[in-house]
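In what follows, a single structure is set out as C-alpha cells and then discussed.
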Amino acid sequence: MLISSPQRPGVKKYDWVFLTRFCFLTDFGRLDFNFRYPKSHCCQNILLYFDESSQWPAVYKRPDKDCYQKEAVLRPENNQVINLTTRYTWSGCVGEEEMLNCVGGRSFRSVRERWWYIALSKCGGGGLQLEYEMKLTNGQSFWTQHFSADEFGILETDITFLVIFATVFTLSCYFAYHLKGRQLLHTTYKMFMTATGVEVLSLLFFCIYWGLYARDGLGNGSLKILGKLLFSVSFLIFLLMLILLGKGFTVTRARISHSGSVKLSIYMTVYTITYIILFIYEAEFFDPGEVLYAYDSPAGYGLMALQLLAYVWFCYAVLVSLKHFPEKQPFYIPFFAAYTLWFFAVPVMALIANFGISRWAREKIVNGIQLGIHLYAHIVFLAITRPSAANKNFPYHVRTSQIGILLSSPKGMGNENFPHHAYGNTSFLGDSQPNFTELFSIHSVRAPTSQFTLTLSVHEP
C-alpha cells in the first residue's frame with residue numbers, strides 16, 4: 001500500500017495524529033518511509049502501535065489521555081518509536097539548510113498476522129507539519145506485496161468467481177435461447193439473466209481494481225465503488241425476482257395486482273434508499289482507525305431487518321400461490337426450501353462477521369462467503385428452470401404469446417391468474433422422442449372443424 005501527504009500540507013494544531021493502518025504478515029512485513037519537515041518543527045516521531053488491548057485501543061479516541069500518555073504505552077526497545085532527528089541513526093534523517101529529510105524503513109515480526117497502526121507525534125506544542133510518503137508491503141509476490149494480510153486471496157477469489165459467474169451467465173443465455181424458441185422466455189427469467197450479467201460486471205470491475213492495486217499499491221477507487229454499486233444492483237434485482245415468483249408472477253398469474261405492485265414498489269424503494277445510506281455511511285463515517293464491517297452500522301442492521309421482512313413476505317406469497325395452485329408443488333417446494341436458506345444466509349453471515357471472525361482475517365473471509373451465497377442463489381435458479389425433459393420442477397407452462405390473450409379477454413380484465421395446468425407439454429432439451437402434441441398446439445378450434453367439413457364434401461357422391 002502506498003500513501004502520501006497532501007501536496008500542500010499545512011501546520012496541524014494537533015500534537016498526535018493517526019496516519020494509517022496495515023495488517024502485516026508474521027515474517028515479511030515491511031514499512032518504508034520518506035518524511036520531510038522544517039527544522040523549526042523538530043522533533044517529530046513515528047509511532048507504531050499494534051492491536052493488543054494495551055496498545056492501540058488504549059490510546060485511540062481516548063480524550064482523557066494527552067500526547068505523552070499516548071507515547072508512554074509504546075516500548076522503544078521494540079523499535080515502536082522512530083525519532084525523526086539526526087541524533088537517531090535508524091531514522092535515516094539528513095539535515096539540510098532548513099529542512100530535515102528522513103528516509104528509512106522497518107521490518108515487522110510477530111507470532112501471528114496483526115494490525116499495526118501508524119501515528120505521528122510532537123508532544124509539547126507547536127503542532128505537526130511535514131510531507132510524507134509510506135510504502136507498506138507483505139513480501140515481494142504480486143499476490144501479496146501491496147495487500148494487507150486481511151486482503152490476501154481476495155483477487156484470486158474474485159477471479160475464480162468471475163469465471164464461474166460468466167459460465168452461469170453463458171448457460172442462462174443458452175437456456176434462454178431454447179425457452180424463447182418455445183415461447184417460454186418470461187420476464188422473471190430475463191430478470192435472472194440481468195442479475196447474473198450485472199454480477200459478472202461487478203466482479204470484472206473488482207478484479208480490475210484489485211489487479212491495479214496489486215501492481216502499484218494504489219488502484220482506482222472509482223472502480224471499487226462501481227463494483228460495489230453493481231453488486232448491490234444485482235442483489236436487488238434478484239431479490240425482486242424471488243418475491244415476484246413467490247407471488248406467482250409468470251408462474252400462476254400474468255400480472256401483479258395494483259395494490260401488490262404499489263407495495264412492492266414502496267418496499268424496493270426503501271431497500272434501495274437504505275443501500276444508498278449504507279454506502280454514504282461507509283464512505284463518510286467509517287473511522288479508518290478502526291477495523292469495521294459494512295453491516296456493523298445502523299444502515300447495515302436496517303438492511304438485515306429488510307431482508308427478514310422480505311422473507312416473511314416471500315413465505316406468505318408462496319403459501320398463497322400453493323393454496324390456489326397446488327399442482328405447482330413440484331416447483332414451489334424446492335424453490336421455497338432453497339431460498340429460505342438464502343434469505344437467512346445474509347443476516348447470519350453479517351452476525352458471524354461482526355462477532356465471530358477475527359478482525360485481521362475478516363475481509364477476505366467475508367468476501368468469499370458473500371460471493372458463495374450469491375453463487376448458490378444463481379445456480380439453484382439455473383437448475384430449477386433448466387429447459388430439460390427430466391426437470392420436474394420447471395415453473396413455466398403458459399407461453400408468452402398466450403399472456404396477452406389472457407389479459408385482453410373479458411375474464412382477463414378482472415382475473416390475472418393463469419388456467420390451472422401443471423406443466424406445459426413442451427419439447428425440451430434432452431427429449432428422447434418427438435412430442436406429437438406440439439402439432440396441435442398452434443391450431444384454433446375452428447380450423448380443424450372447417451377442414452374436416454371440406455374433406456367430407458369432396459368424397460360425397
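No gaps in the numbering here: position 198 of the sequence shown is 198 in full-length UniProt numbering, and each next residue is one more. Glycine is no exception: its CB is placed at the ideal position from the N, C-alpha and C atoms. Being a predicted model, the structure only gives us computed values, none of them experimental.
ask   = Can the beta-carbon of V150 be found less than 8 Å from the beta-carbon of W16?
value = As a working note, residue 150 is residue 150 in the sequence shown. As a working note, residue 16 is residue 16 in the sequence shown. Reading the sequence as shown, one finds Asp at residue 150 and not Val. In this structure, the beta-carbon distance from D150 to W16 does not fall below 8 Å.
request  = Determine the burial state of A383: buried for a count of at least 16 other Cβ atoms within 10 Å of its Cβ, exposed for fewer.
outcome  = The residue labelled residue 383 in the question sits at position 383 within the sequence shown. Exposed: under 16 other Cβ atoms inside 10 Å.
inquiry  = Less than 8 Å between C-beta atoms, sequence neighbours within five positions excluded: which residues of the same chain meet that for A173?
reply    = Sequence index remark: in the sequence shown, residue 173 carries index 173 (1-based). According to the sequence shown, residue 173 is Cys rather than Ala. So the list reads M193, once near-sequence residues are dropped.
query = Candidates K65, T188 and L218: which alpha carbon is nearest K135's?
reply = Translated into the one-based positions of the sequence shown, residue 135 becomes position 135. Out of K65, T188 and L218, L218 has the C-alpha closest to the C-alpha of K135.
ask   = If you draw a straight line from the C-alpha of F147 to the C-alpha of I365, how long is it?
value = Walking along the sequence shown from the start, residue 147 turns up at place 147. Walking along the sequence shown from the start, residue 365 turns up at place 365. Roughly 15 Å separates the two Cα atoms.
8 Å Cβ cutoff met for L19 and N45 = The residue labelled residue 19 in the question sits at position 19 within the sequence shown. The residue labelled residue 45 in the question sits at position 45 within the sequence shown. Their beta carbons are not under 8 Å apart, which means L19 does not touch N45 by this criterion.
ask   = Where do the ends of the beta strand (DSSP E) carrying T85 lie?
value = Taking the first residue of the sequence shown as 1, we reach residue 85 at position 85. Neither: T85 is in no beta strand (DSSP E) and is coded neither H nor E.
request  = With distances taken Cα to Cα, identify the nearest neighbour of L308 among Y49, G289, A345 and E327.
outcome  = Stepping through the sequence shown from its first residue, residue 308 is reached at position 308. With distances taken between Cα atoms, L308 lies closest to A345.
ask   = What span of residues does the beta strand (DSSP E) with I46 cover, start to end?
value = On the sequence shown, position 46 is the one that residue 46 refers to. It spans Q44 to F50 - the beta strand (DSSP E) in which I46 sits, taken as one unbroken run.
ask   = Excluding sequence positions up to five away, which residues of its chain have a Cβ less than 8 Å from the Cβ of H378?
value = Taking the sequence shown and counting its residues from 1, one reaches residue 378 at position 378. The residues are F165, V168, F192, A195, T196, E199 and F238.
inquiry  = Given this structure, state the Cα-to-Cα distance separating K323 from A317, to the nearest angstrom.
reply    = Numbered from its first residue, the sequence shown carries residue 323 at position 323. Numbered from its first residue, the sequence shown carries residue 317 at position 317. Approximately 10 Å, taken between the alpha carbons.
key: Inter-residue Cα distance where the pair is T274 and N34   = Taking the first residue of the sequence shown as position 1, residue 274 is located at position 274. Taking the first residue of the sequence shown as position 1, residue 34 is located at position 34. Spanning the two alpha carbons is a distance of roughly 42 Å.
ask   = From what residue to what residue does the alpha helix (DSSP H) around T340 run?
value = Here the question's residue 340 lines up with position 340 in the sequence shown. First-last of the alpha helix (DSSP H) with T340: Q329 to F355.
query = Do C123 and E71 have their C-beta atoms within less than 8 Å of each other?
reply = Against the sequence shown, residue 123 aligns to sequence position 123. Against the sequence shown, residue 71 aligns to sequence position 71. Result yes, Cβ atoms of C123 and E71 sit closer than 8 Å.
Exposed unless 16 or more other CB atoms sit within 10 angstroms - verdict on F355 = Here residue 355 refers to the residue found at position 355 of the sequence shown. F355 comes out exposed.
ask   = By Cβ distance, which residues of its chain are closer than 7 Å to H443, with the 5 residues on each side in sequence left out?
value = Counted from its first residue, the sequence shown places residue 443 at position 443. In this prediction, H443 scores a pLDDT of 37, lower than 50, which makes its location untrustworthy; the coordinate-derived value is nonetheless stated afterwards. Correct list: empty, nothing qualifies.
inquiry  = Does the structure place the stretch 277 to 292 close enough to the stretch 235 to 254 that three or more beta carbon pairs sit under 8 Å?
reply    = no
request  = Excluding the 5 residues preceding and the 5 following Y423 in the sequence, name in chain order all residues of the same chain whose CB lies nearer than 7 Å to its CB.
outcome  = As a working note, residue 423 is residue 423 in the sequence shown. Confidence is the limiting factor: at Y423 the pLDDT is only 46, short of 50, which leaves the residue's position unreliable, though a coordinate-based value still follows. Excluding the 5 residues flanking it on each side, Y423 has same chain C-beta neighbours closer than 7 Å at F394 and H397, in chain order.
ask   = If you compare alpha carbons, which of T26, I266 and Y271 is closest to F235?
value = As a working note, residue 235 is residue 235 in the sequence shown. The shortest C-alpha separation from F235 is found at Y271.
message = Can you tell me whether P326 is buried or exposed? The criterion is at least 16 other CB atoms within 10 Å of its CB, across all chains shown.
response = If you number the sequence shown from 1, residue 326 lands on position 326. With fewer than 16 Cβ atoms within 10 Å of its Cβ, P326 is classed as exposed.
task = Classify K65 as helix, strand or coil using the three-state DSSP reduction.
result = On the sequence shown, position 65 is the one that residue 65 refers to. In this structure, K65 counts as coil in the three-state DSSP scheme.
ask   = Thinking just about the alpha-carbon of each residue, which of R21, E156, H178 and D216 is nearest to the one in P288?
value = The residue labelled residue 288 in the question sits at position 288 within the sequence shown. The residue from R21, E156, H178 and D216 with its alpha-carbon nearest to that of P288 is R21.
message = Which residue wins for smallest C-alpha separation from Y311, given the options A299, T340 and D51?
response = Taking the first residue of the sequence shown as position 1, residue 311 is located at position 311. Closest option to Y311, Cα to Cα, is T340.
ask   = Of the choices K39, S40 and V81, whose alpha-carbon is the least far from that of F50?
value = In the sequence shown, residue 50 corresponds to position 50, counting from 1. The shortest Cα separation from F50 among K39, S40 and V81 belongs to V81.
Straight-line Cα distance separating F24 from R30 = Taking the first residue of the sequence shown as position 1, residue 30 is located at position 30. Taking the first residue of the sequence shown as position 1, residue 24 is located at position 24. The alpha-carbon atoms of R30 and F24 are separated by roughly 8 Å.
request  = Tell me where the alpha helix (DSSP H) around E282 begins and ends.
outcome  = If you number the sequence shown from 1, residue 282 lands on position 282. Start and end: H258 to E284.
query = Within 10 angstroms of its Cβ, does I154 collect 16 or more other Cβ (buried), or is it exposed?
reply = Translated into the one-based positions of the sequence shown, residue 154 becomes position 154. Flag for I154 reads buried.
inquiry  = Would T144 and F152 be called neighbours here (beta carbons separated by less than 8 Å)?
reply    = Within the sequence shown, residue 144 is the residue found at index 144, counting from 1. Within the sequence shown, residue 152 is the residue found at index 152, counting from 1. Judged by their CB atoms, T144 and F152 are nearer to each other than the 8 Å cut-off.
task = Go ahead and pull the three-state DSSP assignment for A294.
result = Indexing the sequence shown from 1 puts residue 294 at position 294. A294: coil per DSSP, three-state reduction.
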